[in-house]
Each structure stands twice: as C-alpha cells, then as structure tokens.
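> Please find one structure pasted underneath; my questions will follow.
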Amino acid sequence: MWPAEAMQMLSGDVPAFACNFQSTTLTTLGGLAIPKELGSETASLEISPQRAAIMRVRDELPQQGVWIEQKRWINAAFRARGAVLPVSCVDALNQKPLELRAIDRIINSIGSNPERVFGVDSLSVLVGEDFDRAWEPGACGDELYGGMAGIIDVLLLHETPQSKALLQRCRESGLKWVRDTWKVDSLSRLGVWDGAGGVLLTLIRLHRGHRIPEELISAVERYSRAVLSLLERNKTKRNAQNDDHLTLNDAIQEAEIIGGAAGRIRFWVELTDHADPRLAAIASTTVERELLVLKEVLHHVSDLDEIEQDNRGYAHGVAGIVDTYLGASRMLGRDLDEDSAVIRRHIKAMGEWLQVPSEVPRGWCHGLAGYALTLWECAQDRNHRDEALGVLSLVVENLTHVDEGIGPSSCHGSAGIVETLDTVSVYYQVSEAREQYCKRILRPALSEKSSIKESGAAALMCGLAGVLVTVLSPQKPCGVVSAPWHHRPSRYFSELAAR
0 MWPAEAMQML
10 SGDVPAFACN
20 FQSTTLTTLG
30 GLAIPKELGS
40 ETASLEISPQ
50 RAAIMRVRDE
60 LPQQGVWIEQ
70 KRWINAAFRA
80 RGAVLPVSCV
90 DALNQKPLEL
100 RAIDRIINSI
110 GSNPERVFGV
120 DSLSVLVGED
130 FDRAWEPGAC
140 GDELYGGMAG
150 IIDVLLLHET
160 PQSKALLQRC
170 RESGLKWVRD
180 TWKVDSLSRL
190 GVWDGAGGVL
200 LTLIRLHRGH
210 RIPEELISAV
220 ERYSRAVLSL
230 LERNKTKRNA
240 QNDDHLTLND
250 AIQEAEIIGG
260 AAGRIRFWVE
270 LTDHADPRLA
280 AIASTTVERE
290 LLVLKEVLHH
300 VSDLDEIEQD
310 NRGYAHGVAG
320 IVDTYLGASR
330 MLGRDLDEDS
340 AVIRRHIKAM
350 GEWLQVPSEV
360 PRGWCHGLAG
370 YALTLWECAQ
380 DRNHRDEALG
390 VLSLVVENLT
400 HVDEGIGPSS
410 CHGSAGIVET
420 LDTVSVYYQV
430 SEAREQYCKR
440 ILRPALSEKS
450 SIKESGAAAL
460 MCGLAGVLVT
470 VLSPQKPCGV
480 VSAPWHHRPS
490 RYFSELAAR
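The sequence shown begins at 0 in numbering that gives the first Met the number 0 and counts up one residue at a time.
What follows is the structure, encoded as structure tokens:
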C-alpha cells in the first residue's frame, strides 16, 4: 500500500491494516494478527490479504451501505501500479469475451446512492500524468469526466440486458433531480466535463428514442441562462483588470475545454441537430455567444509566447480553443475569412511549441494527442492545410510509436492517443499502431488480471469506461476526446478516404 493511501484510509475512518504480499500474516496497525479464514489450515489467508480484509470488515459492519463503502476503499487501497499481465481475448476459464466481461465489471462496480443525481455511484480514480501523485480512493461524483455521467454514456453505447434496468433507474433519478433538486447560482459549476453541462447532456442521451420531458427542456433553458449570465460576469471582471498578462490567461481558462466555453460548445453543437426543435433552438442561440468568447480570446493574443505552458494544450488551453472555434464554425456554416491570419499565427506557434515532439507529453489533456486534433481541424480549411499537415505529420509519427509507460487512460494515456489516431486515419496509415496500443496496453487494462490503478475504476477519462469504448470503436473516433466536427472531415479528406 502506498503511504498516501494508508493515510487516506486512516483519515477516512477506514479499518486500518498492514500486510506483506510475501508474508503469511495480516496484522492491524496495532500489531494484532487478523484471524485466518474459516477452513484455512494456515495463516496465509489463501484467497489473498485483500479478500481477508474485506471479510473482516463485513463481519464488523452489519449495515449494508457502510459495508459497501468500506469494501470500495479496501479494493482501491490494494491496487498498485505494476507490470501488466498479458491476456487473450477469451479467458480459458470464462468463455465470455474480454470486452463483455469489462462491461460486467463496470456494472458490478455501481452501487446505490440516493443522494447522487443518477441514484448510483461507483469507485473514483484520478490518475495524474506522472502516475505517482497521492491518489484518493472513494465514491465518484456525477460529472462527465470522472463520474457517473461518463460511465452512463459508455453503457448507453454498448447496452446489455444487465444494464437496461440500471439505465432506466438513472433516467428516472436524473429527471427527479432536475425537477426537485437542481438550483443554479453564481457558484454552480457550468462546465461540461466537470459540471452541470455534462450531467444534462447524459440525461438527454438517456432519453434517446423517448420523448424529451418538459422538466428536462426547462433545465436546459435554465442552464443556458446561467451560462449567458456567467459570460457577462467574466467579461466585466476582465475589463476591470489592468494586467494584460493576467487577463489573457484568465480568459483562456474561462474558454477552455474542461470547465469553460469550448467544452460547452460541444454540448450546444450536439443539441443543434437534436430532433426536439426546442432543444435545437436553445442551443443555436447560446452557441453563437459562446463562440464569440473563443473568438475574443484568439484575437486578443498579440504574443503567443505570453501564454503560460499549462494554458497551451488541448483540455486546458489555447489548442482546444482553436480546434473548437474552427470545428464548430465549420459545422454551423460560419464564415471564418476574417480569422484567417489569426489562425495562421496559432498554427505557427504550435509548430514552434512542438519542434521536438519527444519533449512534449503525449496524452490528450496537455500533450501531442490534443495538439494533433487541433492541427487536423486546421487542415480541413484549404487555406491552412499545408501548414497544419506539416506540423501534424511530425506529431502523428511520434504517436505511432507505442510507449507502454504512460498508462491506458483517455485523458492522459493510450486510449486518448488511439482515438486521435482513429480521427486522422482517413489520411495517415495508423492501423498497425492502433493494433499495438490495443494489444499491449488497452486490452490488458480491461482484464481482471490487470494490476494498474486505472483498471480499478469505471470512470470515462481515467478508468475502464474510456478504455472500453476506444477498444470497441472500429477505427473511427468514438467521441470521448474527439468532438462532433472530428467525425465529419472536409470534402477533400472524405474523397481521399473513398479512393
């Protein structure tokens, strides 16, 4: 167990214990031996120290809800980063395919929690880019990034008989939340990945094939009004600041993908095509105002070197803003002629930032995969195609070399890289790289035998759900890190792919 995990368990009031995986004993931190299992001839606790600790806690905690929560903490604490075991598609002891077993594991990880939006939760895991930060296990939230909204999205894409009742419960509980509980104020999180936008988007997706209820339409209207109010407050605040450097970086953070306008634009763009004309009308009005925020940020930058390192990448920086502005504008038929010089400057800056690709992180969040999506969208415009492809080719060449040291996640790891390669596969030959990523990293992460932490949680961006949907997508962008416009290449690339 990592020291940070032990401290987290102590501070969380979890029964504490210590063990050595080569030892035959398991002791409390007070030094007392934990009794061997009933029927065991030795103190080796044959089924594993992890299982023994779970059984001990179960005996001491008769309340079902408390027992389930403690079990999650113990399962989390026993997970450690280590070598990934090789695994075949079908286990000799279980004839169900690996991907279906992974779906079962996701479903089985979900427990009842009436205080949550969807009435359920699962184990949370957030893994940083270096994979050595303190890690706090516990119940997940409701959001798209690491919570139930993202998990539900994947279960909707690959619905099974086992998941139908669960999804119906989530649908009913979510409607109750928007009707009776959800209130919007100045402190509300309004991002799509980290806030109410992603929850509402998942609720709308849960109603595919069903009539959209009035309370959900009303919730989207309230959300739109709250977003427009936020944009006005942010503009007033920036105008009152005197430090241009501070103002620029603040504006980038307000426009970013995870919690800002660029992420919300994905939400609005999806709704502009919705069959319900009321949702489409709300989205069409709001998306135009959000796009103006992105345009103001991109035109405000006079010296791109002013942009801090953390504000350059895709999820939290200017690369994601450029991609969203271009892609959403292309899908909505907006004229970008007056933005041409500005976009060219950003492409040039990305080329300078990525001169040595090996010195840049590889994932979607801050690294090469995110930049690749932006450059790919830039290349859809014939005015920028040659410049963008010149930089993109260097990035794709780097990404096709499989690095097993970065983990499998969508946000920071291989699942996000594979989805990016799928996005550009209409132009670049990347099928061999995809196969190697899946064989060496992604499919092993889906296995019950996996010892890596991302395999211990169901989350979309840092867990099993994102890995699963990437593996199951037949070499086309699956919509985890890619945006709707990435699924619609320009006529030039579509015709190339058809040859």
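Where a beta carbon is used, it is the ideal one built from N, C-alpha and C, also for glycine. Since this is a predicted model, take the numbers as computed values, not measurements.
#1: Taking residue 229 and residue 177 to be in contact with their CB atoms under 8 Å, please state how far apart those CB atoms are, rounded to whole angstroms.
#2: Please return the same chain residues whose Cβ sits closer than 6 Å to the Cβ of residue 417, not counting the five positions on each side in sequence.
#3: Compute the Euclidean distance between the alpha carbons of residue 337 and residue 320, then round it to the nearest angstrom.
#4: Under the assumption that residue 395 contacts residue 427 (Cβ atoms under 8 Å), give the Cβ distance between them as a whole number of angstroms.
#5: Considering just the uninterrupted stretch of the alpha helix (DSSP H) at residue 375, what are its terminal residues?
#6: Tell me whether the beta-carbon of residue 289 lies closer than 8 Å to the beta-carbon of residue 267.
#7: Along the chain, where does the alpha helix (DSSP H) containing residue 175 start, and where does it finish?
#8: Would the segment 403-418 and the segment 380-393 be scored as touching if the rule is three or more Cβ pairs under 8 Å?
#9: According to DSSP, is residue 481 helix, strand or coil?
#10: Considering residue 451, what are the terminal residues of the alpha helix (DSSP H) in which it resides?
#11: So, does the segment 158-176 touch the segment 471-486, judging by three or more C-beta pairs under 8 Å?
#12: Out of 156, 220 and 224, state which residue places its alpha-carbon closest to the alpha-carbon of residue 201.
#13: State buried or exposed for residue 37, treating a residue as buried only when at least 16 other CB atoms are found within 10 Å of its CB.
#14: May I ask you to report which of helix, strand or coil DSSP gives residue 119?
#15: Assign residue 187 to one of two classes, buried (16 or more other C-beta atoms within 10 Å of its C-beta) or exposed (fewer than that).
#16: Verify whether the separation of the beta carbon atoms of residue 355 and residue 419 is less than 8 Å.
#17: Rounded to whole angstroms, what's the CA-CA distance from residue 385 to residue 463? Just pull it up for me.
#18: So, using beta-carbon positions, are residue 281 and residue 205 closer together than 8 Å?
#19: Between residue 490 and residue 330, is the Cβ-Cβ spacing less than 8 Å?
#20: Looking at the secondary structure, which residues open and close the alpha helix (DSSP H) in which residue 391 lies?
#21: Short of 7 Å in beta carbon distance, which residues of its chain neighbour residue 361, apart from the five on each side in sequence? Order them along the chain.
According to the structure shown:
#1: Contact doesn't hold; Cβ gap of about 19 Å is too wide.
#2: 433, 436 and 469
#3: 17 Å
#4: 5 Å
#5: 367-378
#6: yes
#7: 160-179
#8: no
#9: coil
#10: Note, residue 451: premise wrong, no alpha helix (DSSP H); not H, not E.
#11: no
#12: 156
#13: Below a pLDDT of 50, predicted positions are generally treated as unreliable, and residue 37, at 47, falls in that range; the measurement from the model is reported next regardless. Exposed: under 16 other Cβ atoms inside 10 Å.
#14: strand
#15: exposed
#16: no
#17: 37 Å
#18: no
#19: no
#20: 384-398
#21: 367, 368, 398, 402, 405 and 416
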